[in-house]
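K.L.:
For the sequence shown, position 264 (counting from the first letter as 1) is numbered 264 according to UniProt numbering, and the numbering increases by one without interruption.
Structure provided below as structure tokens; questions to follow.
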Amino acid sequence: MSERTSRLSGFATLSREKRLGILSDWIDEGEGATGALDRLDALPDDLVDRMIENAIGVMPVPLGLATNMIVDGEDVLIPMATEESSVIAAVCNTARRCRSTGGFRTSYAGSLTIAQIQLLDVADPHRARLEILRRADEIRAFCDDIDPVLVELGGGFQDVDVRLLNGRKGTVMVVHLIVDTRDAMGANAVNTMAERLAPVLADWVGGRSLLRILSNLADRRIVRAEAVWPADEIGGPEVVETMLEAADFAVIDPYRAATHNKGIMNGVSAVVLATGNDTRAIEAGAHAFAAQSGQYSPLTRWEKTANGDLAGSIEIPLSLGIVGGATRIHPVAQLALKIMGADSAEKLSRMVAAVGLAQNFGALRALATDGIQKGHMALHAQNIAITAGATGDEIVRIAEAMKASGDINERTATRLLKELRG
Ligand code: NAD
């Protein structure tokens, strides 16, 4: 285990150059290790043009570092790509407050990806269902033949399931292929299998196949994380109580649960984006999972331990990869994975779940104590100053003046800027 510490006190006050120096030492690959971050403005032209259709530029988003995190006993630094000012600060603060109890402990259910095949116009769906289940070995051979790389890596076809649903014109058969996609998110891998297998299945059962695509409700890829925050690290027993009351609000009310989960995804999506993974897939999976009981619910739970400390836990589906999609071709994504030491989808997923829990703690504590705006607006003040037209040194001066006045808004920034400029 590494003896490195992610407790980088004062990191926020350093210049970007100094931060990159620390990062270089962390990666320990000599000069140029952080080269992907040299250019703030762009990806290489030819890569941009190859990644998407009709490319006209890039949309840069700041990349920051979550410090102080301990995940499964290891100090880790976690890159996060986000445009929202307070997100990374909240994770760093939260992670610092649970270091004394060992940080975050996680578990990983595996990398099982589900592909769906929709079968219509089957005369006898119950008999057809059993036919498909009986021929599971043929399905295994068919799917594994399509992606032998997955099989070599210990993955590939694992199981088949058949569901019968009531559709507009009668029973719809839905076949689930369950495939271990190892270190890949797996969408392309399982979509290819589903597309090729669909006509074979339709032929077996005398129907017709229509949709053939993975499900983003990745409930076979659940990742769990938990941590304990000592009461005296977070403001005492009263803060524990108010945070529990605040958390309970999300349990009983979907209007609150949506915002609660959005806060979790502030952290999750930022790491997902930084590592070149598919943010939409992760968001869709998380929200569908949150609604699985029939009531949209929080992805985290909060309790008081026997000692009166605050215990938090998260369960979230995470279809993440360290190969495939953009993860291998995007230079910043590659660097992000290297910084995290994420040499498997499993390791990456464990860290992402921990960040989701940390982010939720940060939001709950702020909401239950000072209110979210105090910290958020203080960090957002410089953005408001820029919006009002401040440049150079003016930005910090206007932001500080706004913070001192307690009025952090564009109108105040405009007035202060006018005064400053005489
Ligand atoms: P991919 O096809 O680019 O890579 C996966 C392949 O890499 C595997 O099939 C395997 O053959 C190979 N591979 C090599 N080393 C591997 C390892 N260690 N572990 C696993 N596989 C290894 O990518 P993918 O992960 O199949 O698909 C991800 C992409 O699909 C993302 O870009 C995503 O945005 C996109 N996508 C998403 C959806 C959706 O979420 N609904 C739909 C379509 C496409």
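The C-beta atom is built at its ideal place from N, Cα and C for all residues, glycine as well.
The structure presented is a predicted model; accordingly, all values stated were derived computationally and were not measured.
1. With distance defined between alpha-carbon atoms, name the residue in Arg-212, Val-205 and Pro-79 nearest to Ala-189.
2. Any idea if Met-243 is buried or exposed, counting beta-carbon neighbours within 10 angstroms, 16 or more meaning buried?
3. By the DSSP assignment, the alpha helix (DSSP H) with Ala-311 in it spans what residues?
4. Any heavy atom of ligand 1 closer than 7 Å to the beta-carbon of Ala-281?
5. Where does Met-1 sit, in a helix, a strand or coil, going by DSSP?
6. Taking the alpha carbon of Leu-177 as the point to measure from, which residue in Ala-184, Gly-170, Asn-166 and Val-162 has its own alpha carbon closest?
7. Could you check the C-alpha separation between Ile-78 and Val-200 for me, to the nearest Å?
8. Looking at C-alpha atoms only, which residue of Arg-129, Lys-403 and Ala-225 is the closest neighbour of Gly-206?
9. When you compare only the Cα positions, how much space is there between residue 423 and Val-61?
10. Does DSSP classify Pro-60 as helix, strand or coil?
11. Considering only their Cβ atoms, is the gap separating Gly-356 from Ile-314 smaller than 8 Å?
12. Taking the runs of the alpha helix (DSSP H) that are 4 residues or longer, which of them lie wholly in the stretch 141–166?
13. Expressed to the nearest angstrom, what Euclidean distance is found between the alpha-carbon atoms of Leu-133 and Leu-197?
14. Does the distance from the C-beta atom of Ala-353 to that of Ile-322 stay below 8 Å?
15. Leaving out five residues on either side along the sequence, give the residues of the same chain with a beta carbon under 6 Å from the beta carbon of Ile-222.
16. Could you pull the DSSP bridge partners for Thr-106 from this structure?
17. With a threshold of 8 Å, are at least 3 pairs of Cβ atoms found where one atom belongs to the stretch 246–263 and the other to the stretch 336–344?
18. Taking 8 Å as the limit between beta carbons, can you name the residues of its chain near Val-122, skipping five residues before and five after?
19. For ligand 1, I want to know if Gly-32 counts as a neighbour, meaning its beta carbon is within less than 7 Å of at least one of the ligand's heavy atoms.
20. Which first and last residues belong to the alpha helix (DSSP H) in which residue 424 is found?
21. Name the DSSP beta bridge partners of Ile-213, please?
22. Beta carbon of Met-51: closer than 7 Å to some heavy atom of ligand 1?
23. Is Arg-182 near ligand 1, going by C-beta to nearest heavy atom under 7 Å?
24. May I ask you to report which of helix, strand or coil DSSP gives Thr-391?
25. Residues in its own chain within less than 8 Å of Thr-369 by CB, not counting five upstream and five downstream?
26. Looking only at DSSP bridge pairs, what is Asp-38 linked to?
27. Taking C-beta to C-beta, are Asp-147 and Trp-229 nearer than 8 Å?
28. Any contact of the stretch 48–68 with the stretch 86–100, i.e. 3+ C-beta pairs under 8 Å?
29. Is Ala-326 close to ligand 1? I mean its beta-carbon at under 7 Å from any heavy atom of the ligand.
30. Would you say the stretch 318–338 touches the stretch 376–395, given that touching needs at least three Cβ pairs under 8 Å?
31. Look up Ala-413 in the DSSP assignment and say whether it is helix, strand or coil.
32. For Gly-321, is the beta carbon positioned less than 7 Å from some heavy atom of ligand 1?
33. Exposed or buried, what is Ser-2 when buried is set at 16 or more other beta-carbons lying within 10 Å of its beta-carbon?
34. Put Asp-407 into one of helix, strand or coil per three-state DSSP.
35. Since Ile-70 and Gly-103 are thought to touch, with beta carbons under 8 Å apart, how far apart are those beta carbons, to the nearest angstrom?
36. Can you tell me where the beta strand (DSSP E) holding Lys-169 begins and where it ends?
P.N.:
The relevant details are as follows:
1. Arg-212
2. buried
3. It is not in any alpha helix (DSSP H) - Ala-311 instead sits in the beta strand (DSSP E) that spans 310–317.
4. yes
5. Legend: pLDDT at Met-1 = 42, less than 50; position of this residue unreliable, value from coordinates given subsequently. It is coil, neither helix nor strand.
6. Val-162
7. 45 Å
8. Arg-129
9. Absent from the structure is residue 423, since the part of the chain shown begins at 1 and ends at 422.
10. coil
11. yes
12. 148–152
13. 14 Å
14. no
15. Ala-109, Glu-315 and Pro-317
16. Ala-225
17. no
18. Ala-128, Thr-171, Met-173, Val-205, Gly-206 and Gly-207
19. no
20. In this structure the chain extends from 1 to 422, so residue 424 is not present and cannot be described.
21. Gln-116
22. no
23. yes
24. coil
25. Gly-235, Val-239 and Thr-242
26. Answer is none; Asp-38 lacks a bridge partner.
27. no
28. yes
29. yes
30. no
31. helix
32. yes
33. For Ser-2, the predicted model reports a pLDDT of 49, less than 50, meaning its position is unreliable and no value from the coordinates is stated.
34. coil
35. 3 Å
36. Unbroken run through Lys-169: none, as it is neither H nor E.
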